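As structure tokens, the structure follows; a few thoughts come after it.
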DNA sequence: CAGTTCGTTCAATTCTGATTGAACGAATAA
DNA sequence: TTATTCGTTCAATCAGAATTGAACGAACTG
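Protein chains in written order, with my numbering: chain F, 1 to 167; chain C, 1 to 167.
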């Protein structure tokens, strides 16, 4: 249902796509994925895979992997368009939900893993000490620094839920 | 002054280096830079470029660029060791300061640029509209979505200084 | 003064991961 | 049924960034 777009975008939407792509890239995500989200975010009606591929000048393969990625993050959803066999996609506009989900799915698990990693390192440090691999000063110094880091982690863990509420 | 380390690290420090390297990599920074910071963070005494290169098994060129990078972020500092002509490096332990600086230097400018970009896009949208490139609905839809994004930006701008204070 | 030692720079290489074309299976249409 | 459309997968390619070796200039040393 994108016949009105034929094969190009108004400059506002084109620039938005570019910005979204670069933003994603900065965060280590594929640029094309960001472009797809940007495209859909300003699309008044759902777009098919072919629309996306053509409007962004990317292969259908990229469009497919990108949309599946975005679907897995619940950043876009599939829309059934009566009389059209193809999948159509639409951006989830509520970025607040998106951020919350992103935090739950990405940051929180990573943070938790980093906390256990830290605990493991403290254990490791004691083992090294017992094995006589560390001088007394080295041991004390490392322990202090690791503890510092550890306390920062817990502060971050406390902060993020608050931040989410604030937004 | 790393002769006690000869050419290998206790497992606790080795794992820490690895973790720090991967963390950096996730954020789009060179892995070796993170490794260098990790190495120095748990180093009881300052290390020379050669120490770093040897302990991490990287070239001196990498060590040089990595340390200069970290210096520019004030994440490490140069230490003069009497009787040794070489530069020595030591990690800045206060991660709170480091985070604050990182925010000021990286996130804030990026946020500000994204805000002006947004304003530009709104102008752009009006131009497209006047040029008849947009239907009424498309225009209304885009305007609403851009406004939504814009308001999120300002909320983030307000949040970050608070978060910094909280940590 | 030559002879070292340091640290940096830069062109070349290597790695990593995004992107693609082609092939495939499933679903629809004729 | 056969033919077509659609979406996904996968091996191959491509691009961009990290890493390196080699060369250089500056600062020391004897």
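For each residue, glycine too, the CB sits at the ideal point set by N, CA and C. Small disclaimer: the values here were computed from a predicted structure and weren't measured.
Quiz item: Near residue 149 of chain C, which residues of its chain fall below 7 Å by C-beta distance, leaving aside the five closest residues on each side in sequence?
Solution: Within the second chain, the letter at position 149 stands for residue 149 of chain C. Within the same chain, residue 149 of chain C has close Cβ partners 118.
Practice problem: Pull out every residue of the region 17-33 of chain C whose Cβ sits closer than 7 Å to any Cβ of chain F, in chain order. | Solution: 19, 26 and 28
Quiz item: Can you name the residues of chain C whose CB is closer than 7 Å to the CB of residue 117 of chain F?
Solution: As a first step, residue 117 of chain F is located in the first chain; it is residue number 117 there, counting from the start. The contacting residues are 19.
Exercise. Give the DSSP-derived three-state secondary structure of residue 75 of chain C in the structure shown.
Key: Residue numbering aside, residue 75 of chain C sits at position 75 when the second chain is read from its first letter. Judged by DSSP in its simplified three-state form, residue 75 of chain C adopts coil rather than helix or strand.
Quiz item: Is residue 78 of chain C buried or exposed, if buried means 16 or more other CB atoms sit within 10 Å of its CB?
Solution: In the second chain, residue 78 of chain C corresponds to position 78, counting from 1. Residue environment for residue 78 of chain C: exposed (fewer than 16 other C-beta atoms within 10 angstroms of its C-beta).
Quiz item: Which partner residues does residue 63 of chain F have in the DSSP bridge list?
Solution: By 1-based counting over the first chain, the position of residue 63 of chain F is 63. Answer by DSSP bridge pairing: none, since residue 63 of chain F is not bridged.
Quiz item: Rounded to a whole number of angstroms, what is the C-alpha to C-alpha distance between residue 68 of chain C and residue 21 of chain F?
Solution: Indexing the second chain from 1 puts residue 68 of chain C at position 68. Indexing the first chain from 1 puts residue 21 of chain F at position 21. Rounded to the nearest angstrom, the two C-alpha atoms are 30 Å apart.
Exercise. Identify every residue that forms a DSSP beta bridge with residue 88 of chain C.
Key: Taking the first residue of the second chain as 1, we reach residue 88 of chain C at position 88. Per DSSP, C/48 and C/79.
Self-check item: Segment contact flag, the region 78-95 of chain F with the region 38-54 of chain F, C-beta cutoff 8 Å, min 3 pairs
Solution: yes
Quiz item: Run through DSSP, which three-state label would residue 166 of chain C get?
Solution: In the second chain, the residue the question calls residue 166 of chain C occupies position 166. In the structure shown, residue 166 of chain C sits in a helix (DSSP, three-state: H, G or I).
Quiz item: Could you give the uninterrupted runs of the beta strand (DSSP E) lying entirely in the region 88-164 of chain F, keeping only those of 3 residues or more?
Solution: 88-91
Exercise. Flag residue 90 of chain F as yes if its beta-carbon sits less than 8 Å from any beta-carbon of chain C, otherwise no.
Key: Position 90 of the first chain holds residue 90 of chain F. No, no contact with chain C.
Self-check item: Within chain C, the residues that residue 125 of chain F reaches when beta carbons sit closer than 7 Å
Solution: Position 125 of the first chain holds residue 125 of chain F. Chain C residues near residue 125 of chain F: 12.
Quiz prompt | Buried or exposed by the 16-neighbour rule on C-beta atoms within 10 Å, applied to residue 12 of chain C | solution = Locating residue 12 of chain C in the second chain gives position 12, counting from the first residue. Buried, since its Cβ has 16 or more Cβ neighbours within 10 Å.
Quiz item: Of all the CB atoms in chain F, is at least one closer than 8 Å to the CB of residue 44 of chain C?
Solution: Here residue 44 of chain C corresponds to residue number 44 of the second chain, with the count starting at 1. Cβ-Cβ to chain F under 8 Å: yes for residue 44 of chain C.
Quiz item: Under a three-way DSSP split, which group does residue 53 of chain C fall into?
Solution: Taking the first residue of the second chain as 1, we reach residue 53 of chain C at position 53. In the structure shown, residue 53 of chain C sits in a helix (DSSP, three-state: H, G or I).
Quiz item: Quick one: does residue 74 of chain C have its CB under 8 Å from some CB of chain F?
Solution: Position 74 of the second chain, counted from the first residue, corresponds to residue 74 of chain C. So no, residue 74 of chain C is outside the interface.
Exercise. Take residue 8 of chain F as the anchor and find which of F/65, F/39 and F/74 has the nearest alpha-carbon.
Key: The count along the first chain starts at 1 and reaches residue 8 of chain F at position 8. Ranking F/65, F/39 and F/74 by Cα distance to residue 8 of chain F puts F/39 first.
Exercise. Find out if the Cβ-Cβ distance for the pair residue 10 of chain F, residue 70 of chain C is shorter than 8 Å.
Key: On the first chain, position 10 is the one that residue 10 of chain F refers to. On the second chain, position 70 is the one that residue 70 of chain C refers to. Against a cut-off of 8 Å, the Cβ pair of residue 70 of chain C and residue 10 of chain F comes out as no contact.
Quiz prompt | Length of the line joining the Cα atoms of residue 53 of chain C and residue 41 of chain C | solution = The residue you call residue 53 of chain C lines up with position 53 of the second chain. The residue you call residue 41 of chain C lines up with position 41 of the second chain. In a straight line, the C-alpha of residue 53 of chain C is about 16 Å away from that of residue 41 of chain C.
Practice problem: Taking only beta-carbon positions, decide if residue 138 of chain C is within less than 8 Å of chain F. | Solution: Taking the second chain and counting its residues from 1, the one referred to as residue 138 of chain C is at position 138. Yes, because at least one Cβ of chain F sits closer than 8 Å to the Cβ of residue 138 of chain C.
Exercise. Establish whether the CB of residue 163 of chain F and some CB of chain C are separated by less than 8 Å.
Key: Working through the first chain from its first residue, we reach residue 163 of chain F at position 163. Yes, because at least one Cβ of chain C sits closer than 8 Å to the Cβ of residue 163 of chain F.
Exercise. Sort F/102, F/25 and F/135 by Cα distance to residue 75 of chain F and report the nearest one.
Key: For the purposes of this step, residue 75 of chain F is taken as residue 75 along the first chain, with counting starting at 1. Of the listed residues, the one whose Cα sits closest to residue 75 of chain F is F/102.
Exercise. Could you list which residues in chain C have their beta carbon closer than 8 Å to that of residue 95 of chain F, in chain order?
Key: The residue given as residue 95 of chain F occupies position 95 in the first chain. Those within 8 Å of residue 95 of chain F in chain C are 148, 149 and 152.
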